[in-house]
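Working notes, structure below.
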Amino acid sequence: MLPKLSAAILLLLSLQSLAADPATLYQQHCLTCHGNQRMGSMAPALLPQSLERLKPGEILSVIRQGRPATQMQGFADRLSAEDIQLLANWLRQAPSEVPQWREQDMNASRVQYLDPATLPTRPGYRADPHNLFVVVEAGDHHVSVLDGDRFEPIARFQSRFALHGGPKFSPDGRFVYFASRDGWVSQYDLYTLQMVAEIRVGLNTRNLAVSSDGRWVLAGNTLPETLVLLDTNGLKPVKTIPVKDRSGKLSRVSAVYDAAPRRSFVVALKDASELWEISYREDAEPIYPGYVHDYKMGEGLAIPGYLNPRVTPLDMVLDDFFFDTRYQHVMAASRDGSAQVINLDSRSKVATLPLDGMPHLGSGITFEQDGHHLMASPNLNSGRVTVIDMDRWQVVKQITTPGPGFFLRSHEQTPYAWVDAMMSPRKDTLFIIDKRTLQVVRELTLRPGKTNAHVEFTRDGRYALVSIMESPGELIVVDARTLQEVKSLPMMKPIGKYNVYNKVNRSEGTSH
Ligand code: DHE
């Protein structure tokens, strides 16, 4: 038998090692809010995929001090510095069991707040429903709906945690759909200004697309590696498609897009050298094994083309896309800057684009100049806007800007395109490019020292709305002709804003 003192020391040691086990720390302090298996509950998921955008120091400081304006309190008074470090390291590691999110989990998460059939047919306010702006405020995870004529908010509501990608609209502009990085898809009614339905489609989601007939939402996930098709009537899951390449290897989804003129979704993959297209035309041609593979292809059997992926093999992973106006061609770039043009009908590469750096094709715009169809996009790691002639697939100009930018915007009714430099020390300056001469003609610093970025025009192109992406930040209305500030609205890190008319009419100056 051990002497009493040694037994007490052993007990103390075992208690200490228990307290220092990060899984136990998680159970004791985090599980109630962040959920079983770190999958998220009332607070966001804490899986490596959910945390990869935070710097290691940020995780530590959030555990220590909490997050302002949220229920996340600091734990510095309850956990030692060593335990906080252990917990932070552990959260960055993948769980021993791969977390699952199946259709039964989706169905269990689904909430239908309203029956769409009971909704009134007209908006309950006087503002032009097509000139509304939906503003995503990342600072406190809210969305504001703005009257685009008077520049006044008509609604503000809490969103799911960390919305990403542009919200997408139904073809009539009535409903807007959001995707959160945590896997939630939300449907909001812009006529009655109420949430209609929500569902969690995955544990980590990239973005969503809405079909041009308004019937479907397609969400692309990185965890699990799936595509989830939802019926917009109630956001009910219709099918879940595992994303596997020809060799059966799983791939994360990079983004999903609606190719309206083709009546199909196009899917960019992060880990597979393939491009997927999912037709929502009921008479879509069947898919024949041997020509392409399918996620559930039976040997020797053709499967229906309708709502099933048709695969175009690529010679490299390409995950940043831009479509020509007819959606016949897609310009595609890899993260190392290689870029090519794929013809979606012949399913083959038709040109190589001489790009380098990190072109951000997804942020591109189109316009005409002397009868040529031009496309321009910023570059994420060098200060330039690249202009490509889409008739000849040639780079016609590299417009130098003082620093790498993220978003480029214009409108049919303005001769100017606006680009930010938010990835550089000149993040407080917007550069105004004349689309006729392809020259930078003005610099605009609305709030010195702060991030001035992401522009969207009113439906008539008269005003440009600019984000001051800070918490607290602002949304500034600028006269697009005089470049004078017209109005400023306080906002919490307005990361992006989206004009209903420009989106549903696929304005050439904005994202779709
Ligand atoms: Fe985004 C759109 C990818 C980081 C804000 N971003 C998109 C889209 C893609 C994409 C593919 C187009 C989908 C769509 O609109 O439906 N973004 C990526 C990345 O790969 C990247 C670099 C790293 C990542 O972890 O995802 C990335 N994005 C960011 C940010 O850090 C930004 C600035 C802040 C944030 O909230 O995450 C950011 N991305 C945005 C915004 C849009 C977007 C505001 C919509 C732009 C639009 O006007 O349509």
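Reading the sequence shown from the start, the letters are residues -19 to -1, 1 to 493 in mature numbering (1 follows the signal peptide of the UniProt record, and there is no 0).
Here a beta-carbon is modelled for each residue, glycine too, at the ideal position from N, C-alpha and C.
What you are looking at is a predicted structure, and each value in this text was computed from that prediction instead of being measured.
- Linking T5 to L27 through their CA atoms gives a straight-line distance of about 15 angstroms.
- Contact annotation: the stretch 443 to 463 touches the stretch 111 to 122, with at least three C-beta pairs closer than 8 angstroms.
- For H353, the uninterrupted beta strand (DSSP E) run begins and ends at 353 to 359, by DSSP.
- Sequence-distant Cβ neighbours of A57 in its own chain, meaning closer than 6 angstroms and more than five residues away, are R45.
- For N185, the Cβ stays outside the 6 angstroms cut-off from all heavy atoms of the ligand DHE.
- Measuring C-alpha to C-alpha distances from L355 to each of Q465, G345, A160 identifies G345 as the nearest.
- Between R407 and P383, the alpha-carbon positions lie close to 7 angstroms from each other.
- Its chain contains K416, R417 as the residues whose beta carbon lies nearer than 7 angstroms to that of Q350, once the 5 sequence neighbours on both sides are disregarded; these appear in chain order.
- Here DSSP, grouped into helix, strand and coil, assigns Y308 to coil.
- T186 sits in a strand when the DSSP states are folded into three classes.
- Contact between Q168 and F150 is absent: CB atoms are separated by about 11 angstroms, not below the 8 angstroms threshold.
- With fewer than 16 other Cβ atoms from the protein chains shown falling within 10 Å of its own Cβ, G38 counts as exposed.
- The count of Cβ pairs closer than 8 angstroms, one atom from the stretch 118 to 135 and one from the stretch 63 to 78, stays below three, leaving the stretches out of contact.
- Per DSSP, M473 has no beta-bridge partner at all.
- Put simply, of M297, F438, F302, I268 the residue whose alpha carbon is nearest the alpha carbon of Y287 is I268.
- L336 and S315 have their C-alpha atoms some 10 angstroms from each other.
- With contacts defined as CB atoms closer than 7 angstroms, G120 and S358 fail to qualify as a contacting pair.
- About 4 angstroms separates the CB atoms of T293 and R328; that is less than 8 angstroms, so the two are in contact.
- Annotation: the stretch 120 to 176 contains the following complete segments of the beta strand (DSSP E) (minimum length 3 residues), in chain order: 123 to 128, 133 to 139, 156 to 160, 165 to 170.
- In summary, Q321 is buried, with 16 or more beta-carbon neighbours lying within 10 Å of its beta-carbon over all protein chains present.
- Excluding the 5 residues flanking it on each side, A249 has same chain C-beta neighbours closer than 6 angstroms at S235, A236, D300, F302, in chain order.
- I457 and V421 have their C-alpha atoms roughly 21 angstroms apart.
- Fully enclosed beta strand (DSSP E) runs of no fewer than 3 residues occupy 217 to 223 of the stretch 212 to 236, in order along the chain.
- Contact between V191 and A200 does not hold, since their C-beta atoms are separated by about 10 angstroms, which reaches or exceeds 8 angstroms.
- Counting only unbroken stretches of 3 or more residues, no beta strand (DSSP E) element lies wholly within the stretch 67 to 104.
- In the pairwise beta carbon analysis, the stretch 64 to 81 is classified as touching the stretch 7 to 25: at least three pairs are separated by under 8 angstroms.
- Closest by C-alpha distance to I180, out of R59, I222, G164, P242, is G164.
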